[in-house]
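The structure appears below as structure tokens.
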Amino acid sequence: MVKLRVWGGYQRLGKMLVRIKQMYNRPEFRGRGLAKEMLSRLLQKGRDLGYSTFLLEVWKINYPAIHIYTSAGFKEIERYPASESPSFMAPYYIFMKKTENLTR
Numbered sequence: 001m002v003k004l005r006v007w008g009g010y011q012r013l014g015k016m017l018v019r020i021k022q023m024y025n026r027p028e029f030r031g032r033g034l035a036k037e038m039l040s041r042l043l044q045k046g047r048d049l050g051y052s053t054f055l056l057e058v059w060k061i062n063y064p065a066i067h068i069y070t071s072a073g074f075k076e077i078e079r080y081p082a083s084e085s086p087s088f089m090a091p092y093y094i095f096m097k098k099t100e101n102l103t104r
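If you count the sequence shown from 1, position 101 lands on 101 in the numbering used here, and the numbers rise without skipping.
Dropping the structure here:
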């Protein structure tokens with residue numbers, strides 16, 4: 001049986017808008033830079049597909065993930081309309097956004 005170390009994906013929300021979701025790094029593989037690499041690859045693939053705005057949501061107590069996202073240029077924003085988190089759960093999440101200029 002193969003066990004994935006880290007996985008992630010994204011969901012298209014608009015022509016140039018995508019939400020990064022389902023990023024996960026197995027506990028035994030944390031601290032090796034794998035989540036940072038996964039985020040980098042997700043962002044690059046998104047740029048390759050023409051996306052310039054990336055959204056995500058993360059638990060407020062997930063400090064390692066928040067550090068990775070802010071290091072990658074994500075900024076905290078208000079809860080966005082397409083959020084999968086119910087509004088009553090919003091106080092437990094940080095909503096983040098990264099916008100890039102695409103040059104081709």
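From the three backbone atoms N, C-alpha and C, an ideal C-beta is built for every residue, glycine too. Please read all numbers here as calculations on a predicted model, not as lab measurements.
Report all residues from its chain with a CB closer than 8 Å to the CB of alanine 90; omit the five preceding and five following residues, and keep chain order.
In the sequence shown, residue 90 corresponds to position 90, counting from 1. Around alanine 90: Arg79, Ser83.
So what does DSSP say about tyrosine 10, is it helix, strand or coil?
Position 10 of the sequence shown, counted from the start, is the residue given in the question as residue 10. Strand at tyrosine 10.
For serine 40 and proline 27, I'd like the C-alpha separation in whole angstroms.
In the sequence shown, counting from the first residue as 1, residue 40 sits at position 40. In the sequence shown, counting from the first residue as 1, residue 27 sits at position 27. Distance between the alpha carbons of serine 40 and proline 27 is about 20 Å.
Close-in-space but distant-in-sequence residues of the same chain around serine 85 (CB under 7 Å, 5 per side omitted):
Position 85 of the sequence shown, counted from the start, is the residue given in the question as residue 85. Only Glu57, Tyr93 meet the Cβ criterion.
DSSP state of glutamate 57, grouped into three classes?
As a first step, residue 57 is located in the sequence shown; it is residue number 57 there, counting from the start. DSSP places glutamate 57 in strand when its eight states are reduced to three.
Going by DSSP, what residues sit across from leucine 17 in a beta bridge?
For this step, residue 17 is matched to residue 17 along the sequence shown. Beta-bridge pairing links leucine 17 to Thr53.
When the distance is taken between beta carbons, is alanine 72 closer than 8 Å to leucine 34?
Your numbering for residue 34 matches position 34 in the sequence shown. Your numbering for residue 72 matches position 72 in the sequence shown. Not in contact: leucine 34 and alanine 72 (Cβ atoms no closer than 8 Å).
Top-ranked residue by Cα proximity to methionine 16, from Tyr51, Phe29, Lys36:
Counting from 1 along the sequence shown, the entry for residue 16 is found at position 16. Among Tyr51, Phe29, Lys36, the Cα nearest to that of methionine 16 belongs to Tyr51.
With a CB to CB cut of under 8 Å and the five nearest residues on each side skipped, what residues in its chain are close to leucine 13?
To locate residue 13, count along the sequence shown from 1; it is residue 13. Excluding residues within five positions, the ones whose Cβ falls inside 8 Å are Arg19, Leu55, Ala82.
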